[in-house]
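Peer 1: Mind looking over this structure? Questions follow.
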Ligand SMILES: [Zn+2]
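Residue numbers (this note's numbering): 1 to 406.
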């Protein structure tokens, strides 16, 4: 940074550090006890057994040593062994409380769709996150998980469709939005027209037949909770029906885009595949929040520029790219109107990911905006206003909720 950028940078960093954050896409934390292996696994998207070097000698590892070590009372850049020892010494509750509170996140929109049986219930997460900090959670319902749970109780394809409709309305009463992982279940090329009733009936009937495991099916179908009943939803018609339902209901639909786990085919997670669906749904009243987006942040920004109902974030990759997060934050500010950019951590399982998501966003945003001030003549108060839009104001406008008490 040039010398004349330093005063602007200090002012922006100070203002952005003080901002409350709405994390519009996060997951709950792993329940205790948390082993070293659990922690290391939760810090990477890789699914092979992870070693300390793979985690600590990475951008995320350096960011963790810089930001999380001081939250645990260590010097910045304490090494991995010291970090793990301090975590052990403090214990699960205290380490979790310190890391979450250092994030400054006030509201979490929680998606419980990934391995919920291993995660804390919302009330418990709120207790740990909120102790003394007043943090709150709201629910995002994952559509595929909801449909799968409905199918395990259904006695026919038609019965599934009826139960699904009731379950969706019931979920809508308490959720602030929905999420789809269509990218993982065949890809983002969703159809530009809503499936017809007969297409949906055929698809539900076929899925019911396929998911009724031999040996557990009876004349009346499967009973609730039959062991062995497998109901993984991969049917493209049903997934399209769910996405169209959310849009026509005028809901916010979060959509996984780009970077994810190894079971994602990256070439099917490119947001350009969504363009026909986006174009066809722009007058439904529904809104689409493209999640993560890395490495397709510029493509997502283009879609947010072109279509009134498209929003984006760059969560997940922010903490993973650490000191390179400036590039990512700058790309979110390329083509997307500033009112369409959201903050998220996509933290899953461990509080380090919460703090790192917040810290890397705050640091990178301060740096990027300071350069606009110093080099491009932006007024400092306008730069601060833009940061505040992304920190929480856009989320309140999109989800139609007051998340930050004032
Ligand atoms: Zn996520």
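Backbone N, C-alpha and C fix where the C-beta goes; we use that ideal spot for every residue, glycine too. Computed from a prediction, not measured in an experiment: that's the story for all the values here.
Cβ of residue 348 versus every heavy atom of ligand 1: is any distance shorter than 7 Å?
Peer 2: Yes, the beta carbon of residue 348 sits closer than 7 Å to at least one heavy atom of ligand 1.
Peer 1: Following the continuous alpha helix (DSSP H) through residue 101, name the residue where it begins and the one where it ends.
Peer 2: Segment 92–103, the alpha helix (DSSP H) holding residue 101.
Peer 1: With a threshold of 7 Å on Cβ separation, who are the neighbours of residue 73 within its own chain once the five nearest residues in sequence on each side are excluded?
Peer 2: Closer than 7 Å at the Cβ level, and outside the excluded window around residue 73, lie 86.
Peer 1: Assuming contact is defined by CB atoms lying nearer than 8 Å, are residue 310 and residue 11 in contact in what I supplied?
Peer 2: It is not a contact, given that the beta carbons lie outside the stated cut-off.
Peer 1: Please report the residue range of the alpha helix (DSSP H) in which residue 321 lies.
Peer 2: First-last of the alpha helix (DSSP H) with residue 321: 317–321.
Peer 1: Run the CB neighbour count on residue 158, radius 10 Å, all protein chains shown included, and call it buried at 16 or more, exposed below.
Peer 2: Per the 10 Å Cβ criterion, exposed.
Peer 1: Using the DSSP secondary-structure output, state which residues sit across from residue 349 in a beta bridge.
Peer 2: Answer is 29.
Peer 1: Find the nearest neighbour of residue 389 within the set 342, 112, 271 and 256, judged by alpha-carbon distance.
Peer 2: Considering only alpha carbons, the answer is 342.
Peer 1: Do you know offhand how far residue 315's Cα is from residue 67's?
Peer 2: Approximately 17 Å between the Cα atoms of the pair.
Peer 1: Rounded to whole angstroms, what's the CA-CA distance from residue 76 to residue 350? Just pull it up for me.
Peer 2: Cα to Cα, the separation comes out at about 19 Å.
Peer 1: Taking buried to mean at least 16 other C-beta atoms within 10 Å of its own C-beta, is residue 324 buried or exposed?
Peer 2: Under this definition residue 324 is an exposed residue.
Peer 1: Counting Cβ pairs, one atom from each stretch, are 3 or more of them under 8 Å apart for the segment 52–64 and the segment 372–379?
Peer 2: No: fewer than three Cβ pairs fall under 8 Å.
Peer 1: Could you name the residues that DSSP lists as bridge partners for residue 65?
Peer 2: Paired residue(s): none; residue 65 is not in a bridge.
Peer 1: Run the proximity test for residue 17: is its beta-carbon closer than 7 Å to any non-hydrogen atom belonging to ligand 1?
Peer 2: No.
Peer 1: Spell out a yes or no on whether the segment 248–260 and the segment 183–190 are touching, meaning 3 or more CB-CB pairs, one atom from each, closer than 8 Å.
Peer 2: Yes, they touch.
Peer 1: In whole angstroms, give me the CA-to-CA distance for residue 383 and residue 13.
Peer 2: Between residue 383 and residue 13, the C-alpha separation is close to 11 Å.
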